[in-house]
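Numbering (this note's numbering), first residue to last: 52 to 210.
If you want it as structure tokens, here you go:
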């Protein structure tokens, strides 16, 4: 037990000076990285996973976000086989703001949670099979447009 405590202390010293939310974000990224890593861990394999956008045949990472990098909570809005979308739950003074902010992650960059904007989305899916259908969708619709009957985001229906 003493060795575990010393190891935990040694790891936690690396977080000194960081905000708790930054540490939570980093721990989430480590958890996702470990999901894709083979056991026993080897530095070269971990580096290869980090440096590449993971295998592009894989699905979006299986872990959901609950806290955004800005400290606000988020809820899962919907997904398909290549994108997950999250809705920010505002708190405090910003909670009265009528504009809803969405975030996303794709199977092409499953470790990143980005604000859902046309620019971010198109940069994320550049040179992928989804680039053309999404570009056509975005030229005709707002990025956050929803189906009036089901309230599902229309972006999730783009293949």
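C-beta atoms are modelled at their ideal positions from N, C-alpha and C, and glycine is treated no differently.
C-beta contact flag for residue i and residue j at 9 Å
{"i": "residue 155", "j": "residue 164", "result": "yes"}
{"i": "residue 153", "j": "residue 139", "result": "yes"}
Cβ neighbour criterion (16 or more within 10 Å) applied to residue i
{"i": "residue 167", "result": "buried"}
{"i": "residue 69", "result": "exposed"}
{"i": "residue 86", "result": "exposed"}
{"i": "residue 125", "result": "buried"}
{"i": "residue 208", "result": "exposed"}
Between the CA atoms of residue j and residue i - distance to the nearest angstrom
{"i": "residue 176", "j": "residue 169", "result": "11 Å"}
{"i": "residue 123", "j": "residue 130", "result": "21 Å"}
{"i": "residue 211", "j": "residue 81", "result": "Lying before the first or after the last residue shown, residue 211 is absent from the chain, which here runs from 52 to 210."}
{"i": "residue 189", "j": "residue 141", "result": "26 Å"}
{"i": "residue 61", "j": "residue 55", "result": "10 Å"}
{"i": "residue 182", "j": "residue 121", "result": "28 Å"}
{"i": "residue 108", "j": "residue 57", "result": "Because residue 108 carries a pLDDT of 48, less than 50, the predicted location of this residue cannot be relied on, and the following value inherits that uncertainty. Answer to the nearest angstrom: the Cα atoms are 40 Å apart."}
Cutoff 6 Å; reference residue i; Cβ partners in own chain excluding five residues on either side
{"i": "residue 74", "result": "66"}
DSSP three-state assignment for residue i, whether helix, strand or coil
{"i": "residue 184", "result": "helix"}
{"i": "residue 191", "result": "helix"}
{"i": "residue 127", "result": "strand"}
{"i": "residue 159", "result": "coil"}
{"i": "residue 96", "result": "helix"}
Residues near residue i by beta carbon distance below 7 Å, same chain, minus five either side
{"i": "residue 88", "result": "96, 97 and 100"}
{"i": "residue 71", "result": "none"}
{"i": "residue 198", "result": "205"}
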